[in-house]
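Chains as they are written, first to last, in our numbering: chain A, 158 to 557; chain B, 158 to 557.
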């Protein structure tokens, strides 16, 4: 039959990078494409023990339905970590989600009517656009520089009469650019949110994967520290990068009335997250040292970043620029104007160098510039990073 | 701040039964409220082994991201079971979901524009209304009788010029009534779907929990058997009632183009279901005898149903009628006109008999009759069923 789909389905399309990411499954290809954690960092023994305990000792409750907002103990644990990170909160201000990705879906569902404007960084996280699109927003993409989103451009948008429901940002080690928003920009962004009455959706899955420098306060904590704070930041976090993404556990934290609304949407969307996964992660946090686990991850990813940046410096033409991230999984490459990273990958990088990455066009909400690429350093070995960047560099020296 | 919510949030409200279900957590109350499986039926040893194996032997993949549609092996296993149940299909016609509840959300998201009509049974599953509401449908509720939905009323709706995007039905041991749709009605409903061009959303989480009688073919299989079949049934299934709800695993099966659209919405909503849970359930299906597990569940629930029905016959006034389900978790009680089951529960049943159930009004999409109640027999022991029904019956003999 010809299905009579909802209008929103016109905005729901297979991602252009879906097939590219499948190249990552070809063992002959060195892929810098996927934003996956390094599986050698998964705490296999600890998780094996926590799952065993959760099933054998508490199966009657861990295998059963539980609360749609998430297990209370886990919400308390998340609240304690968020409080330590500068935003004093309790378990009622936390809803456990099916990864931070579900927070993108549910916040859009909560706030967006068709045609509402969402402000994003330019470029921005593709998964956010995929989550927002079914709610039929219009995007206004704000330029970034080395300090993150250009708050002067945000201000100009509103001063010129623009209106927006929310601004979406990944302030820490952004996907795709690796850029971190400066403290001054964060403070200014919160000021603008108050002045122009918009919500900030702060998505920070990589926040704890910082290699160097001091943590910069979250937008959530900066907003709450204002004397006139009325709670206009919703913060998303995740266990995917510090524990394991296959458990699909993240959270939203923010003002209690907003979290209650998100809890109702969580119930509507999928009843609840997996009780077993929540119970096992909660026990892991009670039994093992997650901060030591995070320290190990930081050390490994710092080394991989160093290997990738050194390889890029050694092998790539100087006309290719790249960011030097203080954390996270990605560096962002800017090729000379007119260069087409998608075409180069299809015609040169994959067939001749057996290397894949993500061409940058897909990360731009309202344009599709061809001369960018996202490289992830998280999953490949040091030797594979050196080999892959070396082979690409040899091709590029001919092409550029 | 005063949040500027989307218009759909007017339809997202805390459920009236949310607090009632919390009575189930009070150990002094015998609750027939929640539709929970009996936790003593959870295959704890098997799941402990499959999780151990999945984490220890395959942690690098089971703890990692995987495919948004679900692990291929698990989709193959579901497709094989669905094929055995009369609908020949392959893995590409299956998408693994965060419980069947997520299928309700995603199908509504795929099909509904604001104001579109959804046909439901009257009464219907509350969780479906909760999932559909954010997409701002209008409901037209079709009366039921002992053969399930009244297809003559469906036909009358369309003959009178009605239009609807889809019809939602729980044909097997319906929640809340326990009623099963007859074969004749199923055939007629599929005919009507073709004649009047609507989609059928067949939600059958209890299908394998049949106590007696032969399985009746699914609407999915009846539709596909028509020579003019063009694939207008989407079928939802779940591991919640045959394995454990705390794993949050269900599926949608149907025509491949529709499943592809649902897969895109799944990616947008939460990236994917838990790789670990999918891998462990897949191994459970390969290693253990799920059909023997289902047979044990059937035997236990059949006995519990028998105990509850016998207790109702013995203790309740004859003016209270109840359904005699062939499977599932629920019986549906009809009290005399004018009786208020919610008020009786708050004023009498809970304080004086220490018994809870679900008043029926909440299951009706467009009305709120007061003289119905849903009783679940799945979680209480035989003795608790007898005691609770006995105490309620004593109160009712005074009240009626």
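Yeah, the Cβ is synthetic: ideal placement off N, Cα and C, and Gly gets one too.
Quick one: what's got a C-beta closer than 8 Å to residue i's C-beta in the same chain, skipping five residues either side?
i	result
residue 433 of chain A	208, 211, 212, 219 and 220
residue 557 of chain B	474, 476, 477, 492, 493 and 496
residue 217 of chain B	none
I'd like to know whether the C-beta atoms of residue i and residue j end up nearer to each other than 8 Å.
i	j	result
residue 305 of chain A	residue 361 of chain A	no
residue 242 of chain B	residue 413 of chain B	no
residue 355 of chain B	residue 323 of chain B	yes
residue 561 of chain B	residue 507 of chain B	Outside the shown range of chain B (158 to 557) lies residue 561 of chain B, about which nothing can therefore be said.
residue 281 of chain A	residue 522 of chain A	yes
residue 488 of chain A	residue 534 of chain A	yes
residue 301 of chain B	residue 332 of chain B	no
residue 415 of chain A	residue 380 of chain A	no
residue 169 of chain B	residue 422 of chain A	yes
residue 136 of chain B	residue 363 of chain B	The shown model of chain B, from 158 to 557, leaves out residue 136 of chain B, and the question about it has no answer.
residue 426 of chain B	residue 341 of chain A	no
residue 225 of chain B	residue 424 of chain B	yes
residue 396 of chain A	residue 407 of chain A	yes
residue 483 of chain A	residue 370 of chain A	yes
Please list, in chain order, all residues of the same chain as residue i whose beta carbon is under 7 Å from its beta carbon, the five residues on each side excluded.
i	result
residue 509 of chain A	552
residue 288 of chain A	258, 261, 262 and 265
residue 542 of chain B	461, 464, 465, 468 and 534
residue 195 of chain B	457, 535 and 536
residue 547 of chain A	468 and 472
residue 255 of chain B	405, 427 and 430
Can you tell me the Cα-Cα spacing of residue i and residue j, whole angstroms?
i	j	result
residue 571 of chain B	residue 365 of chain B	Summary: the structure shown does not reach residue 571 of chain B, with chain B confined to residues 158 through 557, and so no result is reported for it.
residue 532 of chain B	residue 336 of chain B	13 Å
residue 437 of chain A	residue 444 of chain A	10 Å
residue 193 of chain A	residue 295 of chain A	29 Å
residue 198 of chain A	residue 399 of chain A	9 Å
residue 201 of chain A	residue 431 of chain B	16 Å
residue 495 of chain A	residue 290 of chain B	48 Å
residue 472 of chain B	residue 231 of chain B	46 Å
residue 184 of chain A	residue 524 of chain A	33 Å
residue 316 of chain A	residue 309 of chain A	10 Å
residue 162 of chain A	residue 267 of chain B	6 Å
residue 299 of chain B	residue 429 of chain A	29 Å
residue 439 of chain A	residue 536 of chain A	26 Å
residue 497 of chain A	residue 321 of chain A	33 Å
residue 292 of chain A	residue 418 of chain B	15 Å
residue 539 of chain A	residue 464 of chain A	6 Å
residue 373 of chain B	residue 327 of chain B	13 Å
residue 530 of chain A	residue 188 of chain A	13 Å
residue 222 of chain B	residue 383 of chain B	39 Å
residue 204 of chain B	residue 319 of chain B	48 Å
residue 272 of chain B	residue 164 of chain B	12 Å
residue 186 of chain A	residue 285 of chain A	27 Å
Taking only heavy atoms of the ligand FAD into account, decide whether any of them is closer than 7 Å to the Cβ of residue i.
i	result
residue 296 of chain B	In the structure on display, the ligand FAD does not appear, and there are no ligands present to speak of.
If the cut is a Cβ gap below 9 Å, which residues of chain A does residue i touch?
i	result
residue 425 of chain B	169, 258, 261, 262, 284, 287, 288, 289, 290 and 291
residue 193 of chain B	221 and 222
residue 418 of chain B	160, 162, 166 and 169
Name the chain B residues that come within less than 9 Å of residue i, Cβ to Cβ?
i	result
residue 227 of chain A	Chain B residues near residue 227 of chain A: none, gap ~12 Å exceeds 9 Å.
residue 235 of chain A	The contacting residues do not exist; residue 235 of chain A stays about 18 Å from chain B at best.
residue 196 of chain A	216, 217, 218, 220 and 221
Cutting at 6 Å between CB atoms, please list the residues of its own chain near residue i, excluding the five before and the five after it.
i	result
residue 283 of chain A	519 and 520
residue 236 of chain B	246, 247, 248 and 251
residue 357 of chain B	324, 350, 376 and 390
residue 239 of chain A	246 and 410
residue 450 of chain A	200
At a CB-CB cut-off below 7 Å, which residues of chain B make contact with residue i?
i	result
residue 255 of chain A	255 and 427
residue 431 of chain A	403, 404, 405, 431 and 434
residue 270 of chain A	163 and 164
residue 346 of chain A	Here the premise fails: no neighbours, minimum Cβ distance about 16 Å.
At 8 Å on the CB atoms, spell out the chain B contacts of residue i, in chain order.
i	result
residue 474 of chain A	Here the premise fails: no neighbours, minimum Cβ distance about 33 Å.
residue 422 of chain A	169 and 291
Can you name the residues of chain A whose CB is closer than 8 Å to the CB of residue i?
i	result
residue 212 of chain B	201, 204, 205 and 208
For a contact meaning CB atoms closer than 7 Å, what does residue i contact in chain A?
i	result
residue 415 of chain B	160
residue 267 of chain B	162, 163 and 166
Subject >> Positions along the region 316-338 of chain A whose CB lies within less than 7 Å of some CB in chain B >> reply: Contact annotation: in the region 316-338 of chain A, residues whose CB is within less than 7 Å of a CB in chain B are 322.
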